[in-house]
Structures are given as C-alpha cells and as structure tokens.
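The structure appears below as structure tokens.
Numbering (the working numbering), first residue to last: 26 to 109.
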C-alpha cells in the first residue's frame, strides 16, 4: 500500500507528488527532528533520514538529495490519497 503526498508550494505554484509507505509516513508524523533529507527514484522516496543536522546529511546523500521541513510535511500528511 502506498500513500501519495502532494506538496504545493504557494510561491512557485509547483506541485510535487511522492509516494511513501505507511511506515515512513508514521515515522515522519511522529518525529521531533526538524528536517527530512531524501532522494526520489520514480516518484518514490528511495532513501531518507530525519535529522536536525542538515549540512552533514545532505553531503552524505549526495547531489541528488532534497530536503523538507518536517512541519511542512506533517501538514500535508493530513491530506493523503491511499492507493491499493
């Protein structure tokens, strides 16, 4: 089962879709860390880490890594589409 999260950026009107599993969604929703650093492959989160040290983990994940504030993502986790 996959969850689809739609991230809307009000400044650029850009919409990103990413698919995550339920375990990752629960980890993100319950974390007290500030950032999520991740890589996307085929609209799915390939690797991710929840961290407070953004610089160190972005270097470890490489140039393809992206990051988000977990507070922003937690708001979007309330609006999900479940695909079976």
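From the three backbone atoms N, C-alpha and C, an ideal C-beta is built for every residue, glycine too.
The structure presented is a predicted model; accordingly, all values stated were derived computationally and were not measured.
| Asked | Found |
| --- | --- |
| Backbone CA spacing between residue 53 and residue 71 [nearest angstrom] | 15 Å |
| Residue 80, buried or exposed, once every other Cβ within 10 Å from all chains shown has been counted against 16 | exposed |
| Residue(s) in a DSSP beta bridge with residue 63 | 73 and 91 |
| For residue 74 and residue 58, the rounded distance between their alpha carbons | 10 Å |
| Alpha carbon of residue 40 to alpha carbon of residue 93, nearest angstrom | Bear in mind that a pLDDT of 46 at residue 40, under 50, signals an unreliable position, so the model cannot answer this. |
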